[in-house]
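See structure below.
Number of protein chains: 2
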Amino acid sequence: MLEPAAASLEPTTAQLADYAPSGRFDALPADMETLFMGLRMQRRQVKARQYLFRTGQPRHALFLIHAGSFKTCVLSEDGREKITGFRMRGDLLGIDALDIPSYACDAIALDYGEVWELPTAQMRLQFPEFQERLTAELAREIRRDWSWMLALGTLTAEQRVISFLLDLAQRLQERGFSARDLVLRMTRAELGNFLALQLETVTRALSHLHAQGLIGVACREIRIDDPVALRGRLACDA
Amino acid sequence: MLEPAAASLEPTTAQLADYAPSGRFDALPADMETLFMGLRMQRRQVKARQYLFRTGQPRHALFLIHAGSFKTCVLSEDGREKITGFRMRGDLLGIDALDIPSYACDAIALDYGEVWELPTAQMRLQFPEFQERLTAELAREIRRDWSWMLALGTLTAEQRVISFLLDLAQRLQERGFSARDLVLRMTRAELGNFLALQLETVTRALSHLHAQGLIGVACREIRIDDPVALRGRLACDA
DNA sequence: CGTTGGCTTGATACGCCTCAATGCTAGTGG
DNA sequence: CCACTAGCATTGAGGCGTATCAAGCCAACG
């Protein structure tokens, strides 16, 4: 367990709030849940490590994450794997295959998960704005992807890890959790895969930031001690 | 000038056709032009190096590329730049900002360019399937991005260059050009930026492939001599 | 109590970056 | 016509950052 953060530096969340690799593009996160609250929907629970769907399976529905965390990944024919994102409550799974009959990625629960199954055909009829919501969600995903492409292409290993932590902190905060105390739902290997790093490099980056007093590290639990300093390290010439 | 390819290895285009970083996901490319043929549309021409639009500008329209090549790029606050894609005839520019009032990237002509301006509001009324076409285009872009994220995260410098060449060859072929003789519309620096490599590394990779007789290189003109061997190099353990 | 999976740390190797020099081509102006 | 310049491509030498390999630690679990 990590002891709670020293209350020395208070105004850190404000700094965090306007940061994210995707921050400069995005409008506020959509609240799909309230939109569909009245609708009777199929719910589905998945256990840790379980596949929600796999690449190539017939796509019969979209899924709205209600609880838990998921990763989505793509595979090449020769076995190379790449995690394309870590998804959490409010995110939609499966939209990347909206125009084709089968899923285009794997969706795997990191811990446990509960999803709501959206029957797309029915929704289109019932909610005229549904299709527009989908385009919005897709466009947002593109901008997120571009931001990460920018980060992976231009930042060092340590900066990538910082980017990830700050991005995660912001997403947690948007969902009502602390932006300071994070619990990573993925292994070091998965994190490294997403950031295009080896797991040892991720560990070393975290250890280094810890040694400098910027974060607290206890395995999956991360405490962000100095968001301002972290943000400062993201500049090109730092 | 490059002399034409030796006619020794004939059946290469078939191999090429089913390859692309995005190949395993995508359906055939959309023919937007014929769809909108009857419509009276604003056309716009841009010269080399000219911006079609910039990040943050009010988004009043989408653009369909009719001729020429464009690059789209994103910038971070501290000046880091990343080219998110090279676009050509039939591609849509601006869709990544469909849900927000201003453009989310820069679009810059590489040589010259002619685009058709699509008034989105009008199109939605006139073509009921237009919104669905947009979602399809967005989903395809996401899958393309994921494929490149996979490539950049798991391939060596030389493999990335090969991937790019094969992808470009396929896109040219889809548009009725030769899949064997390519003309790069971008500088080595731009190519390196897209592939997360330095321009010298791109040059070295091209020179190396040339020295092995797999391609012909004369500055911007590339001839693909041995697509099969190139494809073979993309395997994980090659 | 052994086994397994995940995390950390160190030593070494290698691929790509960085810096520097050169060549080439096109455009410009004397 | 020929300097002169600017932009782009190529090539080499050396250094750095991350990958790779190896070992040890710890908690969870059968």
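Chains as they are written, first to last, in the numbering used here: chain S, 7 to 244; chain V, 7 to 244.
We treat Cβ as the ideally placed atom computed from N, Cα and C, and that holds for glycine.
For clarity, every value in this text was computed on a predicted model and none was experimentally measured.
With respect to Leu131 (chain V), Ala67 (chain V) sits apart: the two C-beta atoms are not nearer than 7 angstroms. Here Ala185 (chain S) is buried: its Cβ has 16 or more other Cβ atoms, across all protein chains shown, within 10 Å. Across the region 146–166 of chain S, CB contacts with chain V closer than 9 angstroms involve Arg146, Glu147, Ile148, Arg149, Asp151, Trp152, Ser153, Trp154, Met155, Leu156, Ala157, Leu158, Gly159, Thr160 and Leu161, in sequence order along the chain.
Taking a C-beta distance under 7 angstroms as the contact criterion, Leu190 (chain S) and Trp122 (chain S) do not qualify as a contact pair. Using beta-carbon distances, Leu104 (chain V) counts as an interface residue toward chain S, with a partner under 7 angstroms. In the structure shown, Ser169 (chain V) falls within a helical segment according to DSSP collapsed to helix, strand and coil. For the pair Phe59 (chain S) and Gly85 (chain V), the Cα-to-Cα distance works out to about 39 angstroms. For Thr90 (chain S), the residues of chain V that pass the 9 angstroms Cβ criterion are Ile148, Asp151, Trp152, Met155 and Leu156, in the order they occur in the chain. Beta-bridge annotation (DSSP): Asp112 (chain V) is paired with V:Cys79.
When C-alpha distances from Ser75 (chain S) are compared across S:Leu116, S:Arg55 and S:Ser82, the shortest belongs to S:Leu116. From the beta-carbon of Ile101 (chain V), the residues of chain S found nearer than 9 angstroms are Thr141, Leu144, Ala145 and Ile148. The beta carbons of Leu99 (chain V) and Ala113 (chain V) sit closer together than 7 angstroms.
Here the region 166–183 of chain V makes no contact with the region 136–149 of chain S; the two share fewer than three CB pairs at distances below 8 angstroms. Contact note: Ala241 (chain V) reaches chain S through Asp84, using a C-beta cutoff of 8 angstroms and chain order.
The beta carbons of Gln48 (chain V) and Tyr109 (chain V) sit no closer together than 7 angstroms. Bounds of the alpha helix (DSSP H) holding Arg139 (chain S) are Phe136 to Thr160. Under the three-state reduction of DSSP output, Arg86 (chain S) falls in the coil class, being neither helix nor strand. In the three-state DSSP reduction, Arg93 (chain V) falls in the strand class (E or B). Taking the C-beta atoms as reference points, Ile221 (chain V) is found no nearer than 7 angstroms to Ala175 (chain V). Secondary structure note for Phe200 (chain S): its alpha helix (DSSP H) is the uninterrupted segment Arg194 to Leu201. Rounded to the nearest whole angstrom, the C-alpha separation of Ala195 (chain S) and Thr126 (chain V) is 44 angstroms. Comparing alpha carbon positions, the residue from S:His72, S:Val208 and S:Arg226 closest to Ile168 (chain S) is S:Val208.
Nearest C-alpha to Thr61 (chain V) among V:Arg50, V:Asp102 and V:Glu120: V:Asp102. Within chain V, no residue has its beta carbon less than 8 angstroms from that of Val234 (chain S); the closest one is some 15 angstroms off. Excluding five sequence positions before and after Leu188 (chain S), the CB atoms of its chain that fall closer than 8 angstroms to its own CB belong to Leu171, Leu174, Ala175, Leu178, Glu227, Ile228, Arg229 and Ile230, given in chain order. The C-beta distance from Glu120 (chain S) to Ala73 (chain S) rounds to 4 angstroms, short enough to meet the 8 angstroms contact threshold. Residue state for His72 (chain V) is assigned as strand, using DSSP reduced to three classes.
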